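Residue numbers (this note's numbering), protein chains in the order written: chain A, 1 to 978; chain B, 1001 to 1168.
Printed below as a string of structure tokens:
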């Protein structure tokens, strides 16, 4: 155990036991899984993606590419970074992408076979034969962990939030920006992905305003959190920045004990990006070996967690940063072998720090190899004096700093290469994003604080147009060693693998190969090599990839350009994305007053469009669907059925111009519809294709009630509302949606009148109550509107009633019809009855090509009207002429032949005049009434082919059928008009 | 564990939808003996009824259910011969009361609107939990009334319970 006796923010009074790769360890409250592993001297935390090389911790934060683990103890979650998992009692995790273990992984054979797996090997190796053969093996080997098999028991929540200023990152710049913004009165929200605020001040001892930086952080944050205009969230990662300044963030373990994660949708006027920067690796052979760690990460483990990565370190750098760490290493009792500096001349300030710590500095030095496979034993380097080997048990390296510009990039920002810091920094403004501090390439604490003050001041002035207010002072800091970096690339043709993207196993050789194979655009190199892709999103490796490509191309880094960082910045769990909308809430299911009754009475429910579920059929004990449908259909044809038509859309239209509006919406006339009558109407789209149909009643001179299909209700309402608001503002019509106000129950069948006649009513059901009439009155004291409308082709009364009374009336009707065996009917049965009648359904026979003439509905199109929606397109169809598909009926020769919807129609063999595809079946069923299979279909020139034979070719069955009129039962409609 | 919120279905109320231009509102004002709220998203609340201004020509009048018929007829007669629309929509909507210190914590899960900007007495319409909804602020931050299309009522009731922190 390598834990310092003192220091860190861990709670040594609260030890925690945990299991990693099957072995028990101990850590403390305040540890992460990664820091606890460091403290327990666990070097190998996983295996690399492609070569299965042993890997250790490289970083200490969300940029960690190696330590991806399966968190077994918390829902078996895959792909989590050990650096981000707070240690908990009995936590259990294991490495991914290895078998049988991380220490001994049989797939490490890939490392030996590495020459066979260069960049783009997929594209070269698996060209011959079938890809699905190879993919079986590749998929077995690929992947980072596995999906959990058990249902996640955690609770998640998704919330919306608005802020004037959103500050992402609670490092010193973020805190200062929050303080200034809060003082201006703005609604401020601060997100920070660490458990505690302070950013890099948590790990590095600094002075602000003459006292310890930690005191400054405590005071400032304490004051800010107490303000009403500040919302402050720790352990919250901003994962994406979208249009209109919407930022999505995941809050881990919120204060509400029942919640596991909360997903925030934050809409802000301005977004201050204070996400800091992450250290960049250096490229050298063996830079992925366990024990090779970024210098800043080592310091963080030591200072925050008192966990020491090793006893004897060698430091390798191309910049000034690690010189400031020497004191930390010394204090932790680590023996510093030397600093290998790629640069030829470190600054005097840097050298002074080395002298103070009595650490030798070897300049112009390059590491040529790392000894050890599962851990570091030593390092070989070259400099002017030749090649030497240094014994050490860990290596700390620093290749400079990468501003975390991911959110800026998500916002649409394009970065630019800044030579002085050898980094890609934000370029021009994107949306309302203001990068500051490390995220803006400002690595000095003093300059970062000043930048924060200035930006917050700018935001205030931009929002209120007042620059006269007194800007709060920027806190003072002590002198810093100036950041200096020389970007020095490794020599070409290195021996041994030097990694540029650790997570995707991309080496310098891969980059060179991609460029040799003429992938010159950085976007192409990215996709060919996979560098910077997937969950890693190039957090630490991207600048190195771009640098190497520029070197291979012989161009400046600034001219190579950058790839685009895409959300999410860090993986987001499916639980957080779904929020509370899971299980029964996954669909906003709609109900009618009869839904519960239908379910209680054994209905098999089915989707009915617009999130409604309707009874499909009502099976009795021992019945299969075909039996139930046959029974229900027979009831409607011979006695009495009843079904719930409440999901249909119903709109009230009021105003003196309603008749004219309906004339324009429908193909037929409505302005001459008498009060008290209804009329069937057909609505077309602008292109003349079927849109919807339904019956509209004229309630009084200026008031109409329109009904439309369930699925079309939303689109039809929006269509009419848009026309009234934007196109036909001259029409005085008000449109009101009353779909849910009315429940509709359809009593249908030859005995329907008898059943209704049993009820006490003031509505005369005599023969003067004709088809498409409606009458208002009461049934058993319940106010209703009864209409003579039929979807089944039988005598039918549609009883419309206020929702509040619907279930009561439904039960009354069921009781009244008991002696006639009134039968509830499902949508499958009503579909069968429709096909028997040959009623056109826009959802079936309308295929985005069908016009009313094709559907045999020319009788409802009044081309003499001055205009209606779709008329112009119909005129075009008529003028164009040519062969079109028409709706026809089909009678298979084999009367019991199974026919599937969608089956293709082909010419019968005896036909020589036609060949190829002739159309398709739009709806088919076995008709219980006709005792045979029937179908409706769209057939080329079908109206002129009645009596011809066609082949119905389905996936499983084919048969020959005769083309007929599309009405199989009561074609004159005498029964429904009875 | 759950948020401190009390959710209940509203009952025994009538809702009448009014559409009309400014000139007809005076007729309705005479019937109700009040001045209609004219700014969108404002409301007038009295003991007998409340009037929600939903758009420049659109209001809801809410009253006790027992007054539904009488009020509908009076409001209709008041604009007889005018271009206006009076529609009973009581059954088309289901109302919910959401009260308690964590009311916003529940509502913000469904509304993308900035609820903090809504003051007592205001109302608004927007998407809520993948349905359309109308929200009336009874007491900003603590008490709200939410109206959704009645066909969504069971879903929304369940949704609100889930948002409160209850499990099924």
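Glycine included, each C-beta is placed from N, C-alpha and C at the ideal position.
Small disclaimer: the values here were computed from a predicted structure and weren't measured.
So with CB distances below 8 Å, who are the chain B contacts of residue i?
i                      : result
residue 161 of chain A : 1108
residue 741 of chain A : 1088, 1089, 1090, 1091, 1092 and 1150
residue 983 of chain A : As displayed, chain A neither begins before 1 nor continues past 978, which places residue 983 of chain A out of reach and without an answer.
How far does the alpha helix (DSSP H) with residue i in it extend, from its first residue to its last?
i                       : result
residue 125 of chain A  : 121–125
residue 968 of chain A  : Neither: residue 968 of chain A is in no alpha helix (DSSP H) and is coded neither H nor E.
residue 279 of chain A  : Segment 277–279 is the beta strand (DSSP E) holding residue 279 of chain A; no alpha helix (DSSP H) there.
residue 112 of chain A  : 109–112
residue 1010 of chain B : Looking at the DSSP string, residue 1010 of chain B is not in any alpha helix (DSSP H), and its letter there is neither H nor E.
residue 650 of chain A  : Careful: residue 650 of chain A lies outside any alpha helix (DSSP H), inside the beta strand (DSSP E) at 649–654.
residue 402 of chain A  : Residue 402 of chain A -> not in any alpha helix (DSSP H); beta strand (DSSP E) instead, spanning 401–403.
residue 51 of chain A   : Residue 51 of chain A -> no alpha helix (DSSP H), and no H or E assigned at all.
residue 35 of chain A   : 33–39
Starting from the beta carbon of residue i, find every residue of chain A whose beta carbon is closer than 8 Å, and list them in chain order.
i                       : result
residue 1131 of chain B : 588
residue 1019 of chain B : 654, 734 and 736
Please list the partners that residue i has in chain B, where partner means a Cβ-to-Cβ separation under 7 Å.
i                      : result
residue 265 of chain A : 1112
residue 158 of chain A : 1109
residue 59 of chain A  : Simply none; closest approach about 35 Å.
residue 591 of chain A : 1151 and 1154
Starting from the beta carbon of residue i, find every residue of chain A whose beta carbon is closer than 7 Å, and list them in chain order.
i                       : result
residue 1025 of chain B : Per Cβ cutoff of 7 Å: no residues; residue 1025 of chain B is ~14 Å from chain A at best.
residue 1087 of chain B : 652, 736 and 738
residue 1083 of chain B : 655, 656 and 732
My guess is that residue i and residue j are in contact by the Cβ rule of under 8 Å, so how many angstroms apart are they, rounded?
i                       : j                       : result
residue 61 of chain A   : residue 305 of chain A  : Rounded, the Cβ-Cβ distance is 13 Å, inconsistent with contact.
residue 927 of chain A  : residue 799 of chain A  : Going by Cβ atoms, the distance from residue 927 of chain A to residue 799 of chain A rounds to 27 Å, so no, they are not a contact pair.
residue 565 of chain A  : residue 520 of chain A  : About 21 Å; that fails the 8 Å criterion.
residue 954 of chain A  : residue 939 of chain A  : Actually they do not touch by this definition, with Cβ atoms about 15 Å apart.
residue 1043 of chain B : residue 1037 of chain B : 6 Å
residue 328 of chain A  : residue 299 of chain A  : 5 Å
residue 248 of chain A  : residue 166 of chain A  : 11 Å between Cβ atoms; not a contact.
Can you pull the chain A residues whose beta carbon is under 9 Å from the beta carbon of residue i, in chain order?
i                       : result
residue 1079 of chain B : The contacting residues do not exist; residue 1079 of chain B stays about 10 Å from chain A at best.
For residue i, write down the residues that DSSP places opposite it in a beta bridge.
i                       : result
residue 426 of chain A  : A/415
residue 1060 of chain B : B/1017 and B/1052
residue 977 of chain A  : For residue 977 of chain A, which the question treats as bridged, DSSP gives no partner whatsoever.
residue 388 of chain A  : A/381
residue 189 of chain A  : A/166 and A/231
residue 1066 of chain B : DSSP lists no partner for residue 1066 of chain B.
residue 1122 of chain B : B/1042
residue 1085 of chain B : B/1019
Counting only Cβ pairs nearer than 9 Å, list the residues of chain B close to residue i.
i                      : result
residue 256 of chain A : 1001, 1002, 1003, 1105 and 1165
residue 458 of chain A : Within 9 Å Cβ-Cβ: nothing; residue 458 of chain A doesn't reach chain B, min ~23 Å.
Which stretch, first to last residue, makes up the beta strand (DSSP E) that contains residue i?
i                       : result
residue 242 of chain A  : 236–242
residue 246 of chain A  : 246–252
residue 336 of chain A  : 335–341
residue 376 of chain A  : Residue 376 of chain A -> no beta strand (DSSP E), and no H or E assigned at all.
residue 1026 of chain B : Run containing residue 1026 of chain B: none in the beta strand (DSSP E); it sits in the alpha helix (DSSP H), 1022–1032.
residue 398 of chain A  : 394–398
residue 28 of chain A   : 23–29
residue 860 of chain A  : Premise fails: residue 860 of chain A is in no beta strand (DSSP E) and is neither H nor E.
residue 258 of chain A  : Note, residue 258 of chain A: premise wrong, no beta strand (DSSP E); not H, not E.
residue 607 of chain A  : 604–607
Comparing the CB of residue i with every heavy atom of the ligand ATP, is any distance shorter than 6 Å?
i                      : result
residue 786 of chain A : This structure simply doesn't include the ligand ATP, nor any ligand for that matter.
At a Cβ cut of 7 Å, what residues of the region 644–671 of chain A count as close to chain B, listed as they run along the chain? So the list reads 652, 654, 655 and 656, given in the order they occur along the chain.
In the region 1141–1166 of chain B, which residues sit with their C-beta less than 7 Å from some C-beta in chain A, listed in chain order? 1149, 1150, 1151, 1152, 1154, 1155, 1158, 1159, 1162, 1163 and 1165
Please list, in chain order, the residues of the region 571–586 of chain A that have any C-beta partner in chain B closer than 9 Å. 579, 580, 581, 582, 583, 584 and 585
Give me the subset of the region 793–827 of chain A whose CB atoms are less than 8 Å from a CB atom of chain B, sorted by chain position. Listed in sequence order: 802, 803 and 804.
Interface residues of the region 1030–1042 of chain B facing chain A [CB-CB below 9 Å]: Residues passing the 9 Å Cβ filter: none.
Looking at chain B, which residues of the region 847–874 of chain A have a Cβ within less than 7 Å of any of its Cβ atoms? none
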